[in-house]
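Read the structure below first, then the notes.
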Amino acid sequence: MNRTNDIDNLMSRFGESAASYIEMENSFNYKELPESPVPAASDAFVVTEKPPAAVVPESIETAQPLPETMATLAHPLDRRVEPVLDDLLEAMSADAAVSEPVSVPASAGSLRSLLAEVALERQAEARAQNEEALRRSIPNGSVAVTAARVIAVVSPKGGVGKSTLCAALAGALGAKGRRLAIDLDPQNALQYHLGVSPDVAGMASASLTGECWSGLLLDGIGGTRVLPFGPVSGQERRALERFLEDDTHWLARQLARMDLAADDVVILDTPPGRTLYLEQVLDVADQLIVVITPDPASFMTLDPIDRLLEGRAHQAWRRDCHYVVNQFDASRTFCQDMLEVLKRRFGKQLIGVLPLDHAISEGLAFGVNPLLEDEDSSARQEVLAIADALKSPVRTSALAGSRAS
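Below is the structure:
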């Protein structure tokens with residue numbers, strides 16, 4: 040079988056003869072595009088060379104245009120637009136022409152920060168002026184001692200009723216002169232126990248401005264005169280405590296400026312624990328009352344407070360350091376046992392045991408102090424007994440001798 044037979048067989052299948060078979064050869068004449076000069080590439084942009092156009096054979100007839108509907112559905116990638124070099128070079132020259140940065144208008148946030156800096160500087164200047172005024176108001180040199188009797192009420196821990204007892208003693212002491220209750224505790228709670236209007240200017244703010252305490256005394260329950268600690272900010276409190284730290288006789292100077300008489304009695308309420316306020320109080324007190332409760336938590340704090348007091352054996356109050364047990368619940372056997380332990384430890388220094396009385400805390404909500412106003416209260420009777428122990432002739436003579444020395 041040869042090539043002719045193959046053609047005959049193929050054409051016979053289509054019902055044709057081999058004579059109708061025509062063999063065609065396609066010849067393509069490829070023409071190259073003329074070379075064009077390529078511009079130098081910029082450092083900022085690289086222009087890709089345009090790909091060569093598709094070669095169309097001469098012998099192929101021109102294709103008919105596609106219908107309009109098909110032309111509009113062409114894929115987006117088929118419509119690629121090459122970047123124009125002239126436009127790119129023009130954009131580069133425009134960017135290079137801008138040599139100076141464009142100024143951005145100040146935002147509201149930056150203005151707030153600037154105003155905050157000014158406010159902080161003004162506050163710092165005000166604090167510096169207050170500190171300078173206080174330094175000028177307190178003379179240096181020898182420390183003047185107040186003529187009044189000073190009783191300090193302290194506690195090694197909080198929640199023992201220290202401020203309650205301080206207010207009760209201020210009203211129970213039968214002094215011939217004035218009875219002053221001064222709050223040195225930043226909690227500022229003494230004013231509530233003595234019926235003073237809250238949020239009034241007090242000791243702290245007056246100390247920062249160099250004002251004498253005498254002009255800030257307020258009338259309290261039971262004929263007392265009250266000087267609250269007063270509301271202060273955290274910065275003001277820290278400024279006040281810096282004075283206490285720098286001047287160990289700060290409180291003595293403040294009391295001396297009040298020009299108190301020998302018949303006056305000052306009751307000082309202090310923060311719990313060992314603080315700068317306690318250090319100042321131990322410097323001026325004639326008598327010291329340590330308030331505790333009959334529970335293990337209070338008992339465990341006794342050794343640290345004892346070590347602190349033993350380090351000041353030269354102070355006048357070492358002869359008159361007393362302990363008072365508060366919130367004693369006689370219905371509980373454990374409280375009875377704890378009281379017995381405390382009695383053995385303190386001996387004659389234990390001068391009072393105040394029973395647990397819920398009417399005291401409840402009366403605070405209504406502006407009533409049963410320890411000052413309820414004559415039938417067993418707790419009030421105990422407070423009166425403590426006040427009598429504090430003003431006994433023996434202790435008074437001992438204090439007079441300590442002042443003379």
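Take 40 as the starting number for the sequence shown in my numbering and just add one per residue.
Positions of the beta carbon are idealized from the N, C-alpha and C atoms, including for glycine.
In this text, all values refer to a predicted model and were calculated from it rather than measured experimentally.
Open item on the list: Cutting at 8 Å between CB atoms, please list the residues of its own chain near residue 378, excluding the five before and the five after it.
Closed with: Its chain contains 333, 364, 367, 392 as the residues whose beta carbon lies nearer than 8 Å to that of residue 378, once the 5 sequence neighbours on both sides are disregarded; these appear in chain order.
TODO: Run the CB neighbour count on residue 285, radius 10 Å, all protein chains shown included, and call it buried at 16 or more, exposed below.
DONE: The residue in question, residue 285, is exposed, as its Cβ has fewer than 16 Cβ neighbours within 10 Å.
Open item on the list: Once the 5 residues before and after residue 108 are set aside, which same chain residues still bring their CB inside 7 Å of it?
Closed with: Residue confidence is low: residue 108 scores 46 on pLDDT, short of 50, so the model does not pin down where it sits. No coordinate-derived value is stated.
Task: Neighbour-count burial assignment, residue 339, 16 or more Cβ in a 10 Å radius - done: Classification for residue 339: exposed.
Open item on the list: Spatial neighbours of residue 295 within its chain, please: C-beta separation below 6 Å, excluding the five flanking residues on both sides.
Closed with: Cβ neighbours of residue 295 beyond the five flanking positions: 183, 185.
- [ ] Give a yes or no on whether the C-beta atoms belonging to residue 226 and residue 267 are separated by under 7 Å.
- [x] Annotated as distal: residue 226 and residue 267, with beta-carbon spacing of 7 Å or more.
Open item on the list: I need the straight-line Cα distance from residue 240 to residue 247, nearest angstrom please.
Closed with: Approximately 12 Å between the Cα atoms of the pair.
- [ ] Check each candidate in 255, 389, 45, 396 and name the one with the smallest Cα separation from residue 425.
- [x] Measuring from the Cα of residue 425, the nearest candidate turns out to be 389.
Task: For residue 198, the nearest candidate out of 394, 385, 330 (CA to CA) - done: For residue 198, the nearest C-alpha among the options comes from 330.
Task: residue 186 in three-state terms, based on DSSP - done: Coil, per DSSP.
TODO: State buried or exposed for residue 287, treating a residue as buried only when at least 16 other CB atoms are found within 10 Å of its CB.
DONE: Exposed, since its Cβ has fewer than 16 Cβ neighbours within 10 Å.
- [ ] Indicate whether residue 411 and residue 210 have their beta-carbon atoms separated by less than 7 Å.
- [x] Cβ atoms of residue 411 and residue 210: closer than 7 Å.
Task: Contacting residues, own chain, Cβ-Cβ under 8 Å from residue 444 (five flanking each side not counted) - done: Confidence in residue 444 is poor, its pLDDT being 36 and thus under 50, which makes the residue's placement too unreliable to answer from.
TODO: Look at the alpha carbon of residue 446 and the alpha carbon of residue 219, and state the distance between them as a whole number of angstroms.
DONE: Residue 446 lies beyond the range of the chain shown here (40 to 444); nothing can be said about it.
Task: Nonlocal neighbours in the same chain, by C-beta distance under 7 Å from residue 419, ignoring five residues either side - done: These residues qualify, in order along the chain: 409, 410, 413.
Task: Contact belief for residue 307 with residue 157 at Cβ below 8 Å, rounded distance in angstroms - done: That pair is no contact at about 40 Å.
TODO: Could you check which residue in 427, 369, 362, 302 has the C-alpha nearest to that of residue 195?
DONE: Checked all of 427, 369, 362, 302; the closest Cα to residue 195 is 362.
Open item on the list: Using the Cβ count rule (16 or more neighbours within 10 Å means buried), how would you classify residue 386?
Closed with: Looking at its Cβ environment, which holds fewer than 16 other Cβ atoms inside 10 Å, residue 386 is exposed.
TODO: Check each candidate in 204, 336, 235, 298 and name the one with the smallest Cα separation from residue 400.
DONE: Comparing Cα positions, the closest option is 204.
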